[in-house]
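Remarks on the structure that follows.
Residue numbers (the numbering used here): 206 to 270.
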């Protein structure tokens, strides 16, 4: 393994021992991420689904009249 790696999050060259795993993200960027990034994504998905639901409801009501 090389002596340095480039973080895929901050694009900075860091020493290889500053990486927690092989995901390509350095320890500092990993620690600054939300504890559970899946929770953030689920919230975003729920908001998007609610917007789609409202849009579909409006379309159905307009077609009914």
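C-beta: ideal position from N, C-alpha, C; glycine also.
Source: prediction; values computed, not measured.
Presumed contact (8 Å Cβ cut-off) between residue i and residue j, rounded CB distance
i: residue 234; j: residue 214; result: 4 Å
Cα-Cα separation, residue i to residue j
i: residue 212; j: residue 238; result: 14 Å
i: residue 251; j: residue 208; result: 43 Å
i: residue 254; j: residue 217; result: 36 Å
Burial state of residue i, where buried means 16 or more other Cβ atoms lie within 10 Å
i: residue 256; result: exposed
i: residue 230; result: buried
Continuous alpha helix (DSSP H) stretch holding residue i: start and end
i: residue 237; result: 232 to 237
Where the beta strand (DSSP E) containing residue i begins and where it ends
i: residue 220; result: 218 to 220
Proximity test, Cβ basis, 7 Å: residue i and chain D
i: residue 212; result: Protein chains in the displayed structure number just one, and chain D is not present.
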